[in-house]
Each structure stands twice: as structure tokens, then as C-alpha cells.
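For the protein sequence lines, the chains are A and B, in the order given. Just so we're aligned, residue 1 is where the first sequence starts under our numbering, counting upward by one. Just so we're aligned, residue 1001 is where the second sequence starts under our numbering, counting upward by one. Virtual Cβ for every residue (Gly too), placed ideally from N, Cα, C. These numbers come from a predicted model, not from an experiment. This report concerns only the one structure given below.
Number of protein chains: 2
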Amino acid sequence: MFSKACEYGIKATLYISEQALHSEKKIGVKDIAKEINSPEAFTAKIMQILTKKKIVKSAKGPSGGFFIPKEELDKIMLSEIVEAIDGDHIYKGCGLGLDQCNADKPCPVHDKFKLIRDELAEMLTKTSLLELANGLDSGLTFLKR
Amino acid sequence: MFSKACEYGIKATLYISEQALHSEKKIGVKDIAKEINSPEAFTAKIMQILTKKKIVKSAKGPSGGFFIPKEELDKIMLSEIVEAIDGDHIYKGCGLGLDQCNADKPCPVHDKFKLIRDELAEMLTKTSLLELANGLDSGLTFLKR
DNA sequence: GTCTTTATATGATTTTTATCATAAATCCCA
DNA sequence: TGGGATTTATGATAAAAATCATATAAAGAC
């Protein structure tokens, strides 16, 4: 469904979000990689994308790291992360990979896929980091294993 | 969503299905590749998977090729093709790529994804080749461009 | 039976994605 | 003001997916 990079990106962001609930401390990429079971250097690269897209903030130097202000958690939606890393292909792309596929000249599965993609899009645009971070924090959901 | 191989596989099968509506003639891989805009050799490889999985039948020699008996078109579901080529990962895999992710120990997006994956699964298991071939045949849907 | 046509099988190449490694820049603190 | 810590930036490597190429086998036509 998503690329590996996107999966890691979501997990990393969620881990940062959960931490933001409790403290202002910034989180290093080493911590993140450990907590979400991801290769460290690759994770660093993904974090760069996310900071460039202004989804997470970063600070250099000692006690630096990545963070998201607590007040923003309910305003950042899952869709932003997905689009930042994987683009809008999932929403807009044709299920059979046709370049042009729309209601006018649809592929055989266009209508059926549209229903599902729209639903996916809605889910992603309506799910906030806060909501998911709360689930993690309450021990109901998990980021590894 | 699907791999390239799977996209080609679906398109190829649909093209064969549409032809089956009209004639008993077998269809060569060259024809298929032309009609669905796919690389010929790669298409051949995919067709082998589909024949091995008994989704399409094949015949060697002159006027040989691939075909599906007309009577079977309404019994073959899209899901069979997807599973043959991409496996059941789309249905069963975790949205965040966790090895173990289930109701007991769910990832943060488990529930939300389950709804969508289940819907996708239902759509695929209920859509027959016949239905899609009819759409193609009536000129309502297209396999290229 | 030989020749042509077509699928089958297999392996090589290319491209993309994922991962790793290193150098540069920035910041904090002493 | 300099040095260590840490992000940032960039490029190299590895792995996987997609594509290409070639050789083999089977079937029908003559």
C-alpha cells in the first residue's frame, strides 16, 4: 500500500507525537530508529523530507533532535505525511496504472477503485496525529513487533 | 496498490476475457502486449504465472496462445489474479508493515485500515472477469491510454 | 519427418527502491 | 572561541522489482 519509506515516516512521526504529549524534549534519530525498528540512516533521510515539508521541526546541536509542538498534533493529518513521502499517487493514480483514467475514459475497474480510494483518502485526511498518539499513549496500540 | 506485474496480469486477463466473448480463438502474447501496452517478454512471464495457477489456459504451436473458456468467465474473480501475482499481502498485511499486527496487538492504524482492506477484498472477490469484460466489450471502459 | 509458430523456461540486464556511509553545517557549552 | 554533539546534505552500495534476451520444447501444417 505505502512504500517502506512512508511506513517508517508514519511510525516516526507517531513516536514523536506521543513523546510530545508528555515533554518538550527533542528526539534524536537514533532514538526514533530504535523505537520503530527502522534502519537509522534511512530514517534520517526520511526525517529530512518531513522537516522540509514542515511536518516536523528539527533542532541541531546537542540536545537537538526532532519534535512537534503539542498544540499542532490535532492539526496534522496522516494524509500530509503520506503525500509528503509517497505523493498523491494513491489517491489519484489508476488502479491498473493507466496514465489517463477518468470518468470519461475509465479503465475497467475505475469506478470500483474510486470508491475505495476515496474512502482511503477520507480516512487519511480525517485522522490526526493526536488521535493516533493517544492510542499509543494509552497502551492500546503499538509501533513495533 | 498493485505491482506492475499484477497490473499487466489483470489487463491481459481482461483482454483475453473480452475476446472469449466472441470467439474461441487463442491469443498470442504478442497480441496481448500490443493491446495492453506492456513489454512483451515481461508479459510472457506473467502469463506463465497465470497459466500455472490455472487462471488462463494455453496451447502451443501454430494458432496456439492463451484463452479462457467462455463459461468460466463469471466464475473467475479479480481476487484470484491479484493473489496469484501479488499474493495476499494486500488483504492481510499491516498498513505500517508490522510483522505481527492484529486486534490483540494492533498498530495505530490497524482498525482504520482494516475497514478499507476488507472493502477492497470484498470488491475483488465479487468482481468477475465476465462483468469487466462486458464493460470493455460495450465500449464503456478501456485498457490503454 | 521437417519446418514454422508459439508457449515455456531460465538467466541477464536495467531500473527503482531501500539501505548504508561519509562529509558538511549548525548549535550548544565550556 | 573552539570542540563535541547532532542534524543536514549528498553520494555510494545493496536489494528488489521490472524489463529484456535467449534457448528449449511442443504442436500443427505441409
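Checklist entry - Could you give the distance in angstroms between the alpha-carbon of P1108(B) and the alpha-carbon of G1095(B)? => result Cα to Cα, the separation comes out at about 9 Å.
Checklist entry - F1066(B) bridges to which residues according to DSSP? => result Per DSSP, I1027(B), S1058(B).
Checklist entry - Do three or more CB pairs link the region 14-21 of chain A to the region 126-145 of chain A at distances below 8 Å? => result Touching, per the Cβ criterion.
Checklist entry - Does the region 1085-1093 of chain B come close enough to the region 1102-1122 of chain B that 3 or more CB-CB pairs lie under 8 Å? => result Judged by Cβ distances under 8 Å, the region 1102-1122 of chain B makes contact with the region 1085-1093 of chain B, as three or more pairs qualify.
Next on the checklist: Buried or exposed for A1103(B), going by 16 or more other Cβ atoms inside 10 Å?
Outcome noted: Looking at its Cβ environment, which holds fewer than 16 other Cβ atoms inside 10 Å, A1103(B) is exposed.
Item to check | Proximal residues, the region 31-45 of chain A versus chain B, C-beta separation under 8 Å | outcome: Listed by position along the chain: nothing, the set is empty.
Checklist entry - So, are the CB atoms of I1032(B) and I1081(B) less than 8 Å apart? => result Not closer than 8 Å, so no.
Checklist entry - Could you give the C-beta distance for L1073(B) and A1133(B), rounded to a whole number, given that I count them as a contact under 8 Å? => result With 8 Å as the limit, L1073(B) and A1133(B) qualify as a contact, their Cβ atoms being about 6 Å apart.
Checklist entry - Just to confirm, are A1005(B) and V1029(B) a CB contact at a threshold of 8 Å? => result No, the Cβ-Cβ distance between A1005(B) and V1029(B) is not below 8 Å.
Item to check | Neighbourhood of G1135(B) by C-beta, 7 Å cutoff - its chain only, sequence neighbours within 5 removed | outcome: Closer than 7 Å at the Cβ level, and outside the excluded window around G1135(B), lie T1141.
Checklist entry - chain B partners of P106(A), CB-CB under 8 Å? => result By Cβ distance, chain B contributes L1140, T1141, F1142.
Next on the checklist: Under DSSP, the alpha helix (DSSP H) around V1082(B) begins and ends at which residues?
Outcome noted: Per DSSP, the continuous alpha helix (DSSP H) segment holding V1082(B) begins and ends at 1078-1086.
Item to check | Segment limits, alpha helix (DSSP H) that includes A1103(B) | outcome: It is not in any alpha helix (DSSP H) - A1103(B) carries neither H nor E in the DSSP assignment.
Checklist entry - Using a Cβ-Cβ cut-off of 8 Å (strictly less than) and excluding sequence neighbours within five positions of H1147(B), which residues of its own chain qualify? => result As displayed, chain B neither begins before 1001 nor continues past 1145, which places residue 1147(B) out of reach and without an answer.
Checklist entry - At least one CB of chain A closer than 8 Å to the CB of I1116(B): is that the case? => result By this cut-off, I1116(B) is an interface position.
Next on the checklist: Would you say the beta carbon of A41(A) is closer than 7 Å to some non-hydrogen atom of the ligand SAM?
Outcome noted: In terms of ligand content, the structure shown is empty, and the ligand SAM therefore cannot be addressed.
Item to check | 7 Å Cβ shell around K1026(B) - same chain, five flanking residues per side excluded | outcome: Within the same chain, K1026(B) has close Cβ partners A1059, S1063, G1064, G1065, F1066, F1067.
Checklist entry - From this set, A1012(B), S1003(B), I1016(B), which residue's C-alpha is nearest K1070(B)'s C-alpha? => result With distances taken between Cα atoms, K1070(B) lies closest to I1016(B).
Next on the checklist: At the 8 Å Cβ level, is D1086(B) part of the contact set with chain A, yes or no?
Outcome noted: Chain A, which has no Cβ nearer than 8 Å to the Cβ of D1086(B), makes this no.
Item to check | C-alpha gap between S1003(B) and G1087(B), whole angstroms | outcome: Distance between the alpha carbons of S1003(B) and G1087(B) is about 10 Å.
Next on the checklist: Does the CB of D137(A) have a neighbour CB from chain B at under 8 Å?
Outcome noted: Nearest CB-CB separation between D137(A) and chain B: not below the 8 Å threshold.
Checklist entry - S128(A) bridges to which residues according to DSSP? => result According to DSSP, which records beta bridges pairwise, S128(A) is partnered with M77(A).
Item to check | Distance between F1113(B) and I36(A) (C-alpha atoms, nearest Å) | outcome: The straight-line gap separating the alpha-carbon atoms of I36(A) and F1113(B) is approximately 19 Å.
Checklist entry - A1012(B) and I1046(B) look like a contact to me (Cβ under 8 Å); what is the Cβ gap, rounded to whole Å? => result Their Cβ separation, rounded to whole angstroms, is 7 Å, which keeps A1012(B) and I1046(B) in contact under 8 Å.
Checklist entry - Buried or exposed: where does R1145(B) fall if 16 or more other Cβ atoms within 10 Å of its Cβ makes it buried? => result R1145(B) should be labelled exposed.
Next on the checklist: Helix, strand or coil, according to DSSP, for L1143(B) in the structure here?
Outcome noted: In the three-state reduction of the DSSP assignment, L1143(B) falls in the coil class, being assigned neither a helical nor a strand state.
Checklist entry - Anyone know if the C-beta pair for K57(A) and A84(A) falls short of 8 Å? => result Cβ atoms of K57(A) and A84(A): not closer than 8 Å.
Item to check | Nearest candidate by alpha-carbon position, reference S138(A), set T1125(B), K1105(B), I1116(B), L1143(B) | outcome: Closest by alpha carbon: K1105(B).
Next on the checklist: Check whether chain B comes within 8 Å of L50(A), counting only Cβ atoms and requiring the distance to be less than that.
Outcome noted: Judged by the 8 Å Cβ criterion, L50(A) is not in contact with chain B.
Checklist entry - Can you tell me whether DSSP reads C1094(B) as helix, strand or coil? => result Here C1094(B) sits in coil by DSSP.
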